[in-house]
Amino acid sequence: MTAPLLAYARITYVLKIIINGAYKAFSVKISSIMRFKHVVCGGTFDHLHSGHKKLLNACFQSGEKVTIGITSGAMVRHKPYNTSIESYTIRKRKVLDFALQQKKVVEVVQLKDIYGPTIENSSFESLLVTKDTISGGKLINEKRIELGMKPLLIQVVPFEYDEIGEKISSERIRQGIIDREGKRYNTYLFSKEKHILPESLKGVLRKPLGRVISSFSTLSRQEIEKMNKKVRKRGHFYLCSVGDMVTYEMKIRGIMPFISIIDGLTLRKALKSELMNTILERERSSAENEKGTIQKSACIEIQRLFYLGHQQAIKQVLITGEEDLLTLVAVLFAPLGAHIWYGQQGIGAVDVRVTEKKKQTVYNLLRQFE
Numbered sequence: 003m004t005a006p007l008l009a010y011a012r013i014t015y016v017l018k019i020i021i022n023g024a025y026k027a028f029s030v031k032i033s034s035i036m037r038f039k040h041v042v043c044g045g046t047f048d049h050l051h052s053g054h055k056k057l058l059n060a061c062f063q064s065g066e067k068v069t070i071g072i073t074s075g076a077m078v079r080h081k082p083y084n085t086s087i088e089s090y091t092i093r094k095r096k097v098l099d100f101a102l103q104q105k106k107v108v109e110v111v112q113l114k115d116i117y118g119p120t121i122e123n124s125s126f127e128s129l130l131v132t133k134d135t136i137s138g139g140k141l142i143n144e145k146r147i148e149l150g151m152k153p154l155l156i157q158v159v160p161f162e163y164d165e166i167g168e169k170i171s172s173e174r175i176r177q178g179i180i181d182r183e184g185k186r187y188n189t190y191l192f193s194k195e196k197h198i199l200p201e202s203l204k205g206v207l208r209k210p211l212g213r214v215i216s217s218f219s220t221l222s223r224q225e226i227e228k229m230n231k232k233v234r235k236r237g238h239f240y241l242c243s244v245g246d247m248v249t250y251e252m253k254i255r256g257i258m259p260f261i262s263i264i265d266g267l268t269l270r271k272a273l274k275s276e277l278m279n280t281i282l283e284r285e286r287s288s289a290e291n292e293k294g295t296i297q298k299s300a301c302i303e304i305q306r307l308f309y310l311g312h313q314q315a316i317k318q319v320l321i322t323g324e325e326d327l328l329t330l331v332a333v334l335f336a337p338l339g340a341h342i343w344y345g346q347q348g349i350g351a352v353d354v355r356v357t358e359k360k361k362q363t364v365y366n367l368l369r370q371f372e
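The sequence shown begins at 3 in our numbering and counts up one residue at a time.
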């Protein structure tokens with residue numbers, strides 16, 4: 003190695019030691035909030051949840067002035083289940099509303115990279131992060147030192163956890179596993195081997211859970227193409243059918259549900275062989291579910307299919323018994339933005355778009371099962 007290159011290597015090595023030392027010196031885990039004139043934090047703040055609120059409250063306690071960076075739409079495109087991430091406008095409004103509830107005035111800036119205003123504003127004294135974003139804090143301090151700015155004191159705010167001690171996150175909310183307070187949707191269903199439909203709910207469940215079409219034949223070619231485009235854009239993960247005839251009607255029109263739940267019956271009679279051959283997938287699993295009940299074993303299998311993630315392989319479960327009530331399970335376990343199609347006798351086909359509100363409605367119904 004030549005003398006100039008050797009000198010450069012030594013300078014680079016010393017600089018790394020200085021940066022890492024500064025990072026360690028200016029990073030603390032919060033046990034008691036430290037007070038500063040101006041603090042900053044950043045994040046996606048999608049589906050504002052109790053973990054976000056804990057971070058924001060720590061900022062409010064720490065800083066006389068608080069700046070909050072919220073990632074732009076371009077920065078979240080790589081995230082799992084990104085099609086159900088709220089728009090920047092909604093995320094900003096939710097953060098400002100929460101600050102107002104806490105009687106705090108904050109400044110919100112849009113982040114187009116991880117640095118945002120932290121490498122431009124010398125008034126910042128402390129950066130609040132979580133364990134997930136501490137590496138970003140390190141990069142920010144490295145950049146500040148490189149620019150001749152004082153590194154920020156990094157305060158690490160602990161996570162909020164759900165009922166079984168797993169981290170509450172926006173991704174798990176979008177995936178449909180938990181709500182914003184960390185309630186797990188599967189806890190009640192998995193608490194017993196069998197849940198029995200009470201007489202009092204039979205009339206309630208006759209009311210469609212979503213948009214009704216009398217028949218798939220009434221759908222225009224444009225509507226079907228729109229559905230297919232949505233499937234191609236989002237992946238089959240976002241389309242599920244419950245029932246043999248609904249699955250058949252979709253498949254013959256080239257609409258491929260990512261998950262189908264069937265029982266080989268229609269109007270309690272065995273499906274004709276030609277129809278059965280059309281809907282059956284070569285690779286399929288099976289589960290038992292008695293008529294008028296929701297059984298734990300069927301719930302476990304449906305959850306397994308949904309939680310496999312963004313795998314494009316078609317998934318199917320063949321139920322021994324009856325699949326009708328498993329529509330509720332599918333809605334509860336599906337990711338936000340998914341569509342669950344099911345048939346309703348005398349009405350037609352029902353399209354349920356999965357939202358947080360719809361999940362809560364279904365959860366409240368299931369709590370009434372015996």
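Where is the CB? At the ideal position from N, CA and C, for every residue including glycine.
1) Exposed or buried, Q103, counting other C-beta atoms within 10 Å across all chains shown (16 or more means buried)?
2) Between which residues of its own chain and A5 is the CB-CB distance below 6 Å, once the five residues before and five after are set aside?
3) When the Cα atoms are used, what is the spatial distance from L282 to K196?
4) Measure the C-alpha to C-alpha separation of V159 and V248 and round it to an integer number of angstroms.
5) Between I179 and chain B, is any beta-carbon pair separated by less than 9 Å?
6) Would you kindly check if the distance between the Cβ of V41 and the Cβ of E127 is under 9 Å?
7) Could you tell me which residues DSSP pairs with K169 in its beta bridges?
8) Take the Cβ of R205 as the centre, count every other Cβ of all protein chains shown within 10 Å, and call the residue buried at 16 or more, exposed below.
9) Rounded to whole angstroms, what's the CA-CA distance from R161 to I226? Just pull it up for me.
10) Return the CA-CA distance between D167 and I147, expressed in angstroms with no decimal places.
11) Write down every uninterrupted run of the beta strand (DSSP E) in the segment 65-111 whose length is 3 residues or greater and which is fully enclosed by it, in chain order.
12) With a cut-off of 8 Å on the beta carbons, I'd call S171 and G350 a contact; round off their distance for me.
13) Give the range of the beta strand (DSSP E) segment to which N291 is assigned.
14) Under a three-way DSSP split, which group does F260 fall into?
15) Is D353 helix, strand or coil when you go by DSSP?
16) Check whether the segment 314-328 touches the segment 264-277, taking contact to mean three or more Cβ pairs, one atom from each stretch, closer than 8 Å.
17) Tell me whether T322 sits in a helix, a strand or coil according to DSSP, three-state version.
18) Who pairs with R1 in a beta bridge, going by DSSP?
19) At what residues does the alpha helix (DSSP H) containing R146 begin and finish?
20) Contact check, F47 vs V97 under 8 Å by CB: the rounded distance?
21) Touching or not, the segment 185-194 and the segment 293-306, by the rule of three or more beta carbon pairs under 8 Å?
22) With DSSP run on the structure shown, which of helix, strand or coil describes A272?
23) Starting from L334, trace the beta strand (DSSP E) in both directions and tell me its first and last residue.
24) Using CA atoms only, rank isn't needed, just tell me which of A76, C43 and Q362 is closest to K114.
25) Rank S219, R223, Y240 and S275 by C-alpha distance to the C-alpha of D246 and give the top, closest one.
26) What residue from T280, N279, G294 and E303 has the CA that sits closest to S288's CA?
27) What's the gap between the Cα of I121 and the Cα of Q318?
Let me spell this out:
1) exposed
2) Annotation note: pLDDT 42 at A5 (below 50); position unreliable, no value reported.
3) The straight-line gap from Cα to Cα measures roughly 27 Å.
4) 48 Å
5) Absent from the structure: chain B. Only one protein chain is present.
6) In contact: E127 and V41 (Cβ atoms closer than 9 Å).
7) Y163
8) The displayed chain sequence assigns Gly, not Arg, to residue 205. G205 should be labelled exposed.
9) Just to set this straight, residue 161 is Phe in the shown sequence, not Arg. A direct Cα-to-Cα measurement between F161 and I226 gives close to 44 Å.
10) The displayed chain sequence assigns Gly, not Asp, to residue 167. Rounded to whole angstroms, G167 to I147 spans 37 Å at the Cα level.
11) 65-73
12) About 38 Å separates the two Cβ atoms, so there is no contact after all.
13) S287 to N291
14) In the three-state reduction of the DSSP assignment, F260 falls in the coil class.
15) strand
16) yes
17) strand
18) The shown model of the chain, from 3 to 372, leaves out residue 1, and the question about it has no answer.
19) Looking at the DSSP string, the run of the alpha helix (DSSP H) that includes R146 is I136 to E148.
20) 5 Å
21) yes
22) A272 falls in the strand class under three-state DSSP.
23) Careful: L334 lies outside any beta strand (DSSP E), inside the alpha helix (DSSP H) at L328 to F335.
24) A76
25) S275
26) E303
27) 51 Å
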